[in-house]
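Student: Count along the sequence shown from 1, then add 79; that gives the number in our numbering.
Once you've had a glance at the structure underneath, I'll fire off some questions.
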Amino acid sequence: MADIILDETDKALSLVELMFFAYRDFVADPDHILAGLKFGRAHHRVLHFVGRNPGLTVAGLLDILQITKQSLARVLKELIDQGYVFQREGAEDRRKRLLFLTPKGEALQARLVASQITRFERACKAIGATPEQFGRVLLAMVDEANQPLALSLIKGHHG
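Here's what the structure looks like:
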């Protein structure tokens, strides 16, 4: 890994630029897979959060993604129609739609996240950081008001 020398006149702006490059490369492999299916990043986010939270409600997914109902409806329709996601009525409240990945959706979600996991593992190793240390940096970049939701989703899988 190359040594990093930040622009002395504006280190913060240098970090912004690095973030653009990091994000570009972080999404490149999934974008390539998704493009072959005529899907985009919204599809990726739905697959990710439904896969990590089976039975997630549509309302819950809207809270996580912070997109319009109309945008989510279009993406969900495509994923359902093509056999990646299915929905069931809630047991207690039949008005709620609970979302799940199909086996086809689980396989795609696993393909999409594999390169991203490898990228984080490589980055942690390169700088001698633990995933928890790297995670603290990422969490600090999330708006404070959104941190509890992010932590609840993470803790729901690891704690």
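We treat Cβ as the ideally placed atom computed from N, Cα and C, and that holds for glycine.
For T136, list the residues DSSP reports as bridge partners.
Tutor: Bridge partners of T136: L177.
Student: Measuring alpha carbon to alpha carbon, tell me which of M98, L187, V125 and F99 ends up nearest R153.
Tutor: Measuring from the Cα of R153, the nearest candidate turns out to be V125.
Student: Using only the alpha-carbon positions, how far apart do N132 and T209 sit?
Tutor: Going by the C-alpha atoms only, they are around 25 Å apart.
Student: Do we get a CB-CB distance below 8 Å when we pair L92 with the residues of chain B?
Tutor: Checking the listed chains, one finds no chain B in this structure; it contains a single protein chain.
Student: Have a look at the DSSP bridge pairing and note the partners of F165.
Tutor: For F165, which the question treats as bridged, DSSP gives the partners F179.
Student: Quick check: what's the CA-CA separation for L155 versus G207?
Tutor: Each residue's Cα considered, the two are about 40 Å apart.
Student: Pair every Cβ in the region 169-178 with every Cβ in the region 134-151, then say whether three or more of these pairs are closer than 8 Å.
Tutor: Yes, the region 169-178 is in contact with the region 134-151.
Student: Is DSSP giving V129 helix, strand or coil here?
Tutor: Of the three classes helix, strand and coil, the one that applies to V129 here is helix, per DSSP.
Student: Leaving out five residues before and five after D108 in sequence, what residues of the same chain have Cβ atoms less than 6 Å from its Cβ?
Tutor: Once the five neighbours on either side are set aside, the close Cβ partners of D108 are S194.
Student: Closer than 8 Å is the cut-off here; do at least three beta carbon pairs connect the region 161-177 with the region 211-230?
Tutor: No: the two stretches stay apart, fewer than three of their Cβ pairs being nearer than 8 Å.
Student: Determine the contact status of L140 and L151, defining contact as a CB-CB distance below 8 Å.
Tutor: Yes.
Student: At the level of alpha carbons, what is the spacing between F100 and L94?
Tutor: Looking at the two C-alpha atoms, the distance is approximately 10 Å.
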